[in-house]
Each structure stands twice: as structure tokens, then as C-alpha cells.
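Numbering (the numbering used here), first residue to last: 6 to 493. Think of the CB as a built atom: it goes at the ideal place given N, C-alpha and C, for glycine as much as any other residue.
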């Protein structure tokens with residue numbers, strides 16, 4: 006990796022502002038890294054280098070013009086393929102959208118462009134973002150930078166692999182049931198699922214959707230704060246506005262765990278199976294919190310209703326978003342999506358009322374928990390990165406999975422609470438695979454969450470250990486394709 010590819014987003018943006026690096030040089034380093042490592046991991050699935058070069062040139066003209074520069078000025082970035090980018094093929098990993106070129110940006114893309122990002126292409130996702138393993142019939146499978154035979158996680162798996170390999174230092178993903186946290190853990194990077202409405206992400210046809218969140222992924226906590234400072238803020242479509250805005254994340258991110266009351270839970274009080282080596286790595290790192298001045302105890306909130314809340318809400322959201330597609334073309338949609346939609350259609354008033362009552366009890370349990378603890382620490386993923394040829398792990402420690410969601414329950418349970426959650430690199434297994442914590446705090450304590458994570462990161466620097474990929478890695482999966490407006 007060259008000097009630019011090794012930079013954090015914060016350092017790269019600062020270098021562009023100081024005219025030490027041009028936006029075009031940053032873009033060239035980005036495209037060069039894609040060429041070097043993408044054949045091994047299949048992280049980037051669409052590129053539009055010509056429009057990116059035009060945007061980088063315009064950024065350089067602005068740099069020398071004396072005009073005010075936006076917070077992410079000149080930063081090259083691919084975008085998650087479930088997010089619409091105007092004029093660029095945006096497929097959601099579906100054969101039904103393989104040639105789809107939207108006319109308008111999604112809200113998060115519009116905010117990133119306003120913040121100065123140079124959009125270069127799209128990162129791979131599972132079909133319609135369903136599941137935490139990134140594969141689809143359009144572009145194939147994204148694999149793990151630390152072992153390209155294994156999964157990179159999902160649904161933001163292409164983003165995680167891109168950040169981990171140095172293709173880009175920062176990017177946007179989304180998270181319903183772990184789609185930022187699990188790939189971040191698998192690839193040794195940081196992923197944040199913010200509090201509701203901090204980055205507004207209303208669903209098509211449902212401004213009140215709350216389960217899915219848009220959030221950043223990066224190699225450093227300070228870059229997560231930079232992203233949030235650039236794009237967090239209210240939208241008229243999400244009411245009332247969140248009490249946290251971009252300004253709250255601005256300035257130096259200083260880590261501090263002194264006096265913080267930390268609850269560690271290996272299974273979130275739900276008896277979740279977790280692979281032994283995952284727990285071995287995480288439990289060995291708990292002393293870092295104590296050495297930083299935190300008070301650590303084993304405890305968890307009462308999450309007994311979390312599964313019901315998550316599965317019912319997920320089913321409703323899938324049926325609302327993809328019901329017409331599954332009704333008309335079920336043979337062209339993967340079975341996991343069909344299953345989710347059919348589960349939504351099958352819900353009656355009794356199930357919806359029961360899930361609403363369970364969510365109310367869950368909220369009360371979370372409030373009570375956070376009168377005693379500031380921070381909950383648990384496994385971001387219950388398993389190590391698994392064989393990329395599998396659709397999902399079928400068992401953990403001899404406990405069989407009954408659905409493709411079972412192995413994701415450590416992440417799904419916290420999604421059901423609505424709390425902000427961050428995946429943070431914690432260490433490596435004996436075979437060199439990344440393992441991550443997930444850290445969660447009370448609602449709208451997102452800034453404190455980053456400070457806690459930064460204090461741990463300062464003492465461990467796990468993400469400084471990079472995967473060994475480079476020229477000559479070899480081509481294992483379908484190569485990157487180029488597509489923009491008017492091209493297939």
C-alpha cells in the first residue's frame with residue numbers, strides 16, 4: 006500500500022485541504038488499489054472512473070479557488086449497492102435490477118456529495134441486503150481480506166472488504182440486523198449503527214420505519230466521528246428530529262473510560278451460542294476496559310422479547326418494501342427474501358399487537374439497565390468468518406440453526422432495542438482472523454459511545470494490523486465491471 010492508501014480519512018482530507026495531496030492523486034490511489042486487490046475479494050462491483058475524474062478535477066479547482074471546503078472534500082468513496090446513486094448502476098444485488106440506473110440519489114448519497122465526496126462506484130451486497138453474508142447472482146461473492154476463502158459478512162460486506170484492504174478509508178453502509186457490525190467484525194474494522202434519526206433513513210412508503218439504520222464504516226473511530234459530523238442532522242421526513250446533530254461529533258475525538266460502568270455479556274442473557282475462540286479473544290480483552298479506568302461486571306438487560314420484536318418488525322418491513330416483487334416474480338428472488346416477505350404477509354393483528362407489547366417491555370428493560378450501566382459490551386458476531394461457499398452457518402457449537410437469522414442473533418437482539426451500537430476490532434484468533442466487540446449505550450448517547458470506543462482503540466490499535474493482499478493476489482471471483490448512465 007502506498008502512503009495515500011494508508012491514510013485515514015481524517016488525514017487524507019486534511020492533506021487535500023493543505024494541498025499536499027490533490028483529489029486526483031487520492032482518486033488515482035483509490036483506483037489503483039481496486040485494481041490490485043479487488044480480484045481477490047470482489048468488494049467493488051461497479052466503477053464509474055470517468056465521472057469520478059471529473060468530480061476530482063472540480064474538487065481540485067475548488068481547493069485552489071479559496072472557497073470554503075466541505076468536511077469530506079475530495080475523499081474518494083464507493084457506495085453500498087443498496088443505495089441509489091443518480092446516473093450509476095444500482096442493483097441491490099438483484100437480477101431484477103441488474104441494469105437499473107436511478108435518476109436521483111438516495112438521501113445519504115446526496116448528503117455525502119454535499120460533504121465533498123468523490124463518488125467512484127458501488128460495493129457488493131447480498132440480494133436486497135438480506136442476510137449477513139455477501140453473495141448474489143449478479144456479481145458473485147465478496148470474500149474476506151484476511152482469508153479469501155471465507156465470508157466478509159454482510160450486508161455491508163463489500164464496504165467492509167473495501168475499507169479493510171485500503172481501497173477507501175471510509176464509507177456508508179446500513180444495518181437492520183447486524184449489516185454494519187458483523188462485516189466490520191469479520192474484516193477488522195469499525196462500524197456504527199447510530200441512534201434512530203441521527204442519520205435519517207426513511208424507507209420508501211414508510212417515514213416511520215425504525216429498524217434499519219444508515220451508518221459509517223472505517224478503520225478508525227475518529228473517521229467515524231468525521232463521517233457523522235458531515236452527514237448527521239435532521240430531515241423533515243423524520244419527526245421529531247433526533248437530539249444529536251453533526252455538530253456534536255465535530256472536533257477532536259478524545260477517548261475516555263474513566264469511571265464508566267461497563268456490563269459484559271457473552272450471550273446477552275439469551276443463552277446465545279458463541280464459538281469458543283471468539284469468546285477467548287473477547288474475554289482476554291476485557292482487562293483493557295479496566296486498565297482504562299472502567300468498572301467491569303457481567304450483566305445484561307432483559308432482552309427476552311428481542312427476538313419477537315426483531316422478527317416481526319423485519320417481516321413487516323420486508324413485506325412492505327418487497328411484497329410486490331415477491332408476489333409477481335418469486336422465482337427471481339432468493340428464498341431468504343421470499344421467506345421474510347411471506348412471514349410479513351402471514352402476520353395478523355394478534356402478532357402485531359404482541360410485538361408492540363414486547364417492544365414496550367424491552368424499552369422499559371433498557372431504561373432500567375442504563376440506570377446501572379453506561380456501556381454494554383458483547384460479541385459483535387457469534388462465529389468466526391465462515392466458508393464463503395455456505396449461505397450461512399447452519400450450527401454454532403452443536404446448536405442447529407432453524408432459520409438463516411439464528412447465527413446473527415447477537416446483533417439482531419440489540420437492533421430490536423433501537424440503541425446505538427458500534428462494532429470495534431478487539432483482536433485476532435490463533436489463525437489470524439479478526440474478532441470484534443459490539444458496544445452499545447443508551448439512546449442518543451452516540452458521541453459517548455465513540456469516546457468509549459476511542460479509549461479502547463487507543464490502547465489496542467487492532468485495526469493497524471492489515472490483511473496481506475496486494476499485486477499478484479490472483480483472480481478468484483468475477484472482476485469489477487464498469488457501468489454508468491446509458492451503459493449495461
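When the options are compared against residue i, the one with the closest alpha-carbon
i: residue 416; options: 327, 44, 186; result: 186
i: residue 85; options: 168, 122, 349, 177; result: 177
i: residue 467; options: 453, 447, 434; result: 434
i: residue 58; options: 299, 253, 87, 35; result: 35
i: residue 243; options: 214, 135, 447; result: 214
i: residue 28; options: 55, 81, 48; result: 81
i: residue 427; options: 443, 26, 438, 439; result: 443
i: residue 103; options: 204, 87, 12, 377; result: 87
i: residue 390; options: 198, 235, 193; result: 193
i: residue 439; options: 336, 454, 158; result: 158
i: residue 274; options: 370, 229, 454; result: 370
i: residue 424; options: 405, 18, 374, 394; result: 374
i: residue 249; options: 420, 123, 460, 199; result: 199
i: residue 469; options: 99, 169, 38; result: 169
i: residue 339; options: 284, 396, 73, 276; result: 396
i: residue 234; options: 37, 388, 313, 258; result: 258
i: residue 195; options: 341, 217, 232, 38; result: 232
i: residue 31; options: 105, 96, 125, 299; result: 125
i: residue 3; options: 353, 408, 330, 42; result: Residue 3 falls outside the range modelled here, since the chain spans only 6 to 493, and no answer is possible.
i: residue 400; options: 277, 460, 271, 76; result: 277
i: residue 337; options: 141, 317, 175; result: 141
i: residue 121; options: 363, 323, 18; result: 18
i: residue 11; options: 225, 302, 116; result: 225
i: residue 93; options: 190, 68, 128, 208; result: 128
i: residue 447; options: 317, 460, 306, 335; result: 306
i: residue 393; options: 304, 152, 271; result: 152
i: residue 349; options: 328, 272, 207; result: 328
Helix, strand or coil at residue i [DSSP, three-state]
i: residue 51; result: strand
i: residue 339; result: coil
i: residue 179; result: strand
i: residue 84; result: strand
i: residue 39; result: helix
i: residue 219; result: strand
i: residue 277; result: coil
i: residue 204; result: coil
i: residue 473; result: coil
i: residue 71; result: coil
i: residue 236; result: helix
i: residue 405; result: strand
i: residue 481; result: Low confidence applies to residue 481: its pLDDT is 43, below 50, so where it sits in the model is not reliable, and the reading given next is rough at best. Three-state result, residue 481: coil.
i: residue 231; result: helix
i: residue 464; result: helix
i: residue 14; result: helix
i: residue 371; result: helix
i: residue 46; result: helix
i: residue 487; result: Note that residue 487 has pLDDT 43, beneath the 50 cutoff, so the model's placement of it is unreliable and the number below is only indicative. Here residue 487 sits in strand by DSSP.
Strand pairing of residue i, partner residues [DSSP]
i: residue 444; result: 382, 427
i: residue 439; result: 433
i: residue 391; result: According to DSSP, residue 391 bridges with nothing at all.
i: residue 295; result: BP columns for residue 295 are empty, so no partner.
i: residue 300; result: 266
i: residue 7; result: Looking at the DSSP assignment, residue 7 forms no beta bridge with any residue, so it has no partner.
i: residue 103; result: Paired residue(s): none; residue 103 is not in a bridge.
i: residue 198; result: 426
i: residue 345; result: Per DSSP, none; premise fails for residue 345.
i: residue 400; result: 405
i: residue 90; result: 93
Rounded Cβ spacing between residue i and residue j (contact assumed at less than 8 Å)
i: residue 173; j: residue 167; result: 5 Å
i: residue 413; j: residue 183; result: 5 Å
i: residue 113; j: residue 204; result: 7 Å
i: residue 160; j: residue 130; result: 5 Å
i: residue 419; j: residue 267; result: In fact, because the Cβ distance is near 15 Å, the residues do not count as touching under 8 Å.
i: residue 155; j: residue 147; result: About 11 Å; that fails the 8 Å criterion.
i: residue 367; j: residue 308; result: 7 Å
i: residue 135; j: residue 286; result: No, residue 135 and residue 286 are not in contact; Cβ-Cβ is about 28 Å, not under 8 Å.
i: residue 237; j: residue 201; result: Not quite, the Cβ-Cβ distance comes to about 12 Å (not below 8 Å), so this is no contact.
i: residue 98; j: residue 143; result: 6 Å
i: residue 462; j: residue 260; result: 7 Å
i: residue 323; j: residue 293; result: Not really, about 39 Å apart at Cβ, beyond 8 Å.
Any chain D beta carbon closer than 8 Å to residue i
i: residue 464; result: The structure shown contains no chain D; it holds only a single protein chain.
beta-carbon residue i near the ligand MG non-hydrogen atom, thresh 7 Å
i: residue 221; result: The ligand MG is not part of this structure, which contains no ligands at all.
query = Of all the alpha helix (DSSP H) runs that stay within the bounds of the region 121-184, which reach a length of 4 or more residues?
reply = If only uninterrupted alpha helix (DSSP H) runs of at least 4 residues are considered, those enclosed by the region 121-184 are 162-170.
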